[in-house]
Amino acid sequence: MATGKINVSVENIFPLIKKFLYSDHEIFLRELISNATDATLKLKHLTDIGETDVKYGNPVIEVKVDKEGKKLHVIDQGVGMTKEEVEKYINEVAFSGAEEFLEKYKDSAKDSGIIGHFGLGFYSAFMVANKVEIITKSYKDEPAAHWVCEGTTEFTLGDADKKERGTEIILHINEEDEEFLEENRIQELLVKYNKFMPIPIKFGTKEETLPLPEDAPEDAEAETKTVDNIINNPEPAWTKQPNDLEDKDYKSFYRELYPMQFEEPLFHIHLNVDYPFNLTGILYFPKMTQDMNIQKDKIQLYQNQVYVTDNVEGIVPEFLTMLRGVIDSPDIPLNVSRSYLQADGAVKKISSYITRKVADKLKSLFNNNREDFEQKWNDIKIVIEYGMLSEDKFYEKAQKFALYPTVENEYFTFEELQEKIKVNQTDKDGNLVVLYASNQDEQHSYIEAAKAKGYKVLLLDSPIISHLLQKMEGEKEKITFVRVDSDQVDNLIKKDEEKISKLSEEEKEKLKGDFEKVIPKEKYTVQLEAMDSDAAPLLITQPEFMRRMKEMQQTGGGG
Ligand code: ADP
Ligand code: MG
């Protein structure tokens, strides 16, 4: 039995760890299971390359709660450690790592969001335990070791009589952290952080209902049997090759990711790149519904199949944060603040790679099945329009597949608009004037009036559409967008020779005057021309610029 003093210059590191990691106590379990996974994968590697002839078998990682003894056990069948290795890896390396961490981040460390992602590894166990034991037996033929530390810089290291290869970590849970002795809480954490880790994780047992045989009588009771409760799917879809997956596999992975989400995704994008950075993942376009604002099923970020966060701000361009799915990349530095992250070169590349992949996918959906794309348009347009507004690169690509539907359900691309509408919809300078409605019910009379004149009216009802139209007018000369109820429609309308109206010119002027007495002239214009089309008795229009100003004030800047 040896005793020793952990070599560390920080007076006592544990109060510091506890203080800095306070808001993210729960990550200790993720760290211990990551270590258990690493140890198992190391053994796999050693057996694969023939470095050892121990049998790899089918190792699992087991988590056990001992409520009475107030202990939590994490047990693996990995490489284990010899006494010397415990000295080296546990006593020295981890401490120097923690010390370096504290040195480097002492200013930013108060921002708990940062620390939570850093992962202090093994020592994060002391956030929830006042005493930690390691009982470990190396795959090398050496006696097992037993390390005990009670949250000070003192430790003991002796022999253990463990027979099986691997490591058992025992946490003596603090009184104030007893939530981590609740099975439900542990189950919840395992599902959150370890659901897709590569080595099976067992947590207790569960009852499984056996399928009834084909010829079973109708009132037969289904049999159940007790099976291991395996938390994870060690081979999640994003780790596979797209060629090995069918549409149904993507859909079932979506349900695995979001078990409470019953709506099917519209389509997916499989990300897979290993140079100049490493990134895999699957993104899904969900059906955009009215209550999308309160969004809880977000894109999840993983590193080597370990869940890190669902805050992908700065990694994925903002307009794509409305998507769902997973991104897994070991190349995203997480031990830095988000603002630093946005300036990071690798992260910028990742962000533009994702944008490009999304644009390419949309383009190919459009090319391969336009009809289907048109049908999905209403559900995807918010993302696309928002992306066009905020990312110039995306705007360029998207202008090839973004759709501009008419009130009569025809869908035009930007190019088609220019070709097909120009024929009869120009102002006196020959510029293309595109009429649009933003609300088919409210603007019904105006729409009908325009249709009666033979004009096409688009239906553009996204909240950000005025910003986007402004951008398009800026990028393309000789095109203006005019809402059907705007006074500019008048410029376009050729006065017909033949009048339908029963009123004489004088009567009309008088009527107009009467209306103008009650309607503020600087805000609205009274037009009687529509009488001639039989669509409406008279129209009250608003200057286009005024309306846009008001709309932009409502939706905030941008554009
Ligand atoms: P990191 O995992 O980043 O190396 P940790 O503090 O989590 O840092 O772990 C320190 C080291 O302790 C590991 O690198 C490994 O060598 C050793 N170790 C920790 N847990 C285990 C385990 N379950 N089995 C074998 N070795 C382990
Ligand atoms: Mg670790």
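The sequence shown begins at 841 in the numbering used here and counts up by one.
Just so it is clear, CB atoms sit at the ideal spot from N, CA and C, and this is done for glycine as well.
Below 7 Å, is the gap between the Cβ of residue i and the nearest heavy atom of the ligand MG?
| i | result |
| --- | --- |
| Ser978 | no |
| Phe962 | yes |
Alpha carbon to alpha carbon, what distance is there between residue j and residue i?
| i | j | result |
| --- | --- | --- |
| Asn1279 | Lys1201 | 30 Å |
| Gly1399 | Pro1360 | Unreliable placement is indicated for Gly1399, whose pLDDT of 38 sits below 50; no coordinate value is reported for it. |
| Lys1311 | Ser1344 | 43 Å |
| Gly991 | Tyr1147 | 27 Å |
| Leu872 | Phe1321 | 59 Å |
| Asn1133 | His865 | In this prediction, Asn1133 has a pLDDT of 49, which is less than 50 and means its spatial position is unreliable; nothing more can be read from the coordinates. |
| Ile1222 | Glu1054 | 48 Å |
| Lys1127 | Thr1064 | 37 Å |
| Leu1257 | Glu1288 | 20 Å |
| Lys895 | Thr887 | 8 Å |
| Ile1220 | Leu1030 | 33 Å |
| Lys1035 | Glu1315 | 47 Å |
| Asn1112 | Ile1261 | 41 Å |
| Asp1267 | Ser1306 | 20 Å |
| Tyr1295 | Leu1275 | 8 Å |
| Asn1024 | Phe1043 | 11 Å |
| Gly909 | Trp987 | 19 Å |
| His885 | Glu891 | 9 Å |
| Lys1136 | Lys1003 | 46 Å |
| Asp1068 | Glu1048 | 9 Å |
| Lys928 | Ala985 | 13 Å |
| Val968 | Glu1015 | 9 Å |
| Gln917 | Ile901 | 7 Å |
| Asp1017 | Ala965 | 11 Å |
| Asp1089 | Ile1122 | 12 Å |
| Met921 | Thr880 | 12 Å |
| Pro1173 | Pro1303 | 35 Å |
| Gly953 | Ile1194 | Caution applies to Gly953, whose pLDDT of 33 falls short of 50 and renders its modelled position unreliable; the value that the coordinates give is listed next. Between Gly953 and Ile1194, the C-alpha separation is close to 24 Å. |
| Leu1229 | Lys1091 | 30 Å |
| Arg1210 | Gly1185 | 36 Å |
| Asp1001 | Pro983 | 8 Å |
| Asn1072 | Gln1145 | 11 Å |
| Ala876 | Lys1237 | 45 Å |
| Asp1150 | Val919 | 32 Å |
| Glu1231 | Phe1213 | 22 Å |
| Leu1106 | Thr1079 | 21 Å |
| Ile1333 | Lys1293 | Interpretation of Ile1333 is limited by its pLDDT of 48, a score under 50 that renders its predicted location unreliable; no figure is taken from the coordinates. |
Does the ligand ADP have a heavy atom nearer than 7 Å to the CB of residue i?
| i | result |
| --- | --- |
| Met921 | yes |
| Glu866 | no |
| Ala876 | yes |
| Met879 | Before going on, a small fix: residue 879 reads as Ala here, not Met. The answer is yes for Ala879. |
| Gly918 | yes |
| Thr1007 | yes |
| Tyr1124 | no |
| Ile1139 | no |
| Tyr929 | yes |
Taking only beta-carbon atoms, is residue i less than 8 Å away from chain D?
| i | result |
| --- | --- |
| Ile1261 | Among the protein chains of the structure shown there is no chain D, as only one such chain exists. |
When you measure from the CB of residue i to every non-hydrogen atom of the ligand FMN, does any distance come out below 7 Å?
| i | result |
| --- | --- |
| Glu871 | No copy of the ligand FMN appears in this structure; the ligands present are the ligand ADP and the ligand MG. |
Mind reading off the beta-carbon distance from residue i to residue j? Whole number of angstroms is fine, and I expect it under 8 Å.
| i | j | result |
| --- | --- | --- |
| Glu932 | Ser978 | With a Cβ gap of about 18 Å, Glu932 and Ser978 do not count as contacting. |
| Gln1382 | Asp1327 | 7 Å |
| Leu1243 | Tyr1235 | Going by Cβ atoms, the distance from Leu1243 to Tyr1235 rounds to 15 Å, so no, they are not a contact pair. |
| Pro1170 | Asn1249 | The Cβ separation is near 47 Å, so there is no contact. |
| Pro1157 | Ser1191 | 6 Å |
| Ile1009 | Val972 | 7 Å |
| Tyr1050 | Ala1062 | For the sequence presented, residue 1050 should be read as Leu rather than Tyr. Correct: roughly 6 Å between the Cβ atoms. |
| Tyr1142 | Asp1168 | 4 Å |
Could you give the uninterrupted runs of the beta strand (DSSP E) lying entirely in the stretch 981-1053, keeping only those of 3 residues or more?
984-989, 994-1000, 1006-1013, 1041-1049
At what residue ranges does the stretch 1071-1125 contain a whole run of the beta strand (DSSP E), taking only runs of 3 or more?
1107-1113, 1119-1125
Alpha helix (DSSP H) runs wholly inside the stretch 1149-1191, at least 4 long, in chain order
1178-1183
Contiguous beta strand (DSSP E) assignments of at least 3 residues, all confined to the stretch 1240-1308:
1272-1277, 1297-1299
Kindly provide the ranges of any alpha helix (DSSP H) runs that are 4 or more residues long and lie completely inside the stretch 1189-1244, ordered along the chain.
1210-1230, 1232-1238
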